[in-house]
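One structure is given here, and the rest of the page talks about it.
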Amino acid sequence: MNFENVTEIKAAVDGGKSVYWKNQGYAVRKNDNGHYYIIFTPNGYMTGLTHTDGVTMSEDPADFFAW
Numbered sequence: 009m010n011f012e013n014v015t016e017i018k019a020a021v022d023g024g025k026s027v028y029w030k031n032q033g034y035a036v037r038k039n040d041n042g043h044y045y046i047i048f049t050p051n052g053y054m055t056g057l058t059h060t061d062g063v064t065m066s067e068d069p070a071d072f073f074a075w
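Here's what the structure looks like:
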């Protein structure tokens with residue numbers, strides 16, 4: 009499954025899909041406050057999925073995938 013926008017990525021995470029950026033080392037997760045992050049799983053480093061507006065992404069949605 010590939011994505012065209014951030015809304016699709018968030019919906020996949022909310023729907024229980026495993027979503028990744030570029031490779032399986034970068035997982036997309038949602039925290040208890042409802043914020044979405046890209047987490048580098050080997051060391052736990054994380055960055056926001058979007059800018060503070062909750063919509064604008066630095067990354068290309070086409071680089072995300074899920075199953």
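Just so you know, we're using our numbering here: the sequence shown kicks off at 9 and counts up by one.
For glycine and all other residues, C-beta sits at the position ideal for the given N, C-alpha and C.
C-alpha distance - residue i paired with residue j, whole-angstrom precision
{"i": "D68", "j": "D22", "result": "20 Å"}
{"i": "N13", "j": "T60", "result": "16 Å"}
{"i": "K30", "j": "E16", "result": "16 Å"}
{"i": "Y44", "j": "K25", "result": "14 Å"}
{"i": "Y34", "j": "Y28", "result": "5 Å"}
Residue burial classification, residue i (beta-carbon count within 10 angstroms, cutoff 16)
{"i": "W75", "result": "exposed"}
{"i": "V36", "result": "buried"}
{"i": "A19", "result": "exposed"}
Cβ pair residue i, residue j closer than 8 Å
{"i": "T55", "j": "T64", "result": "no"}
{"i": "F11", "j": "F72", "result": "yes"}
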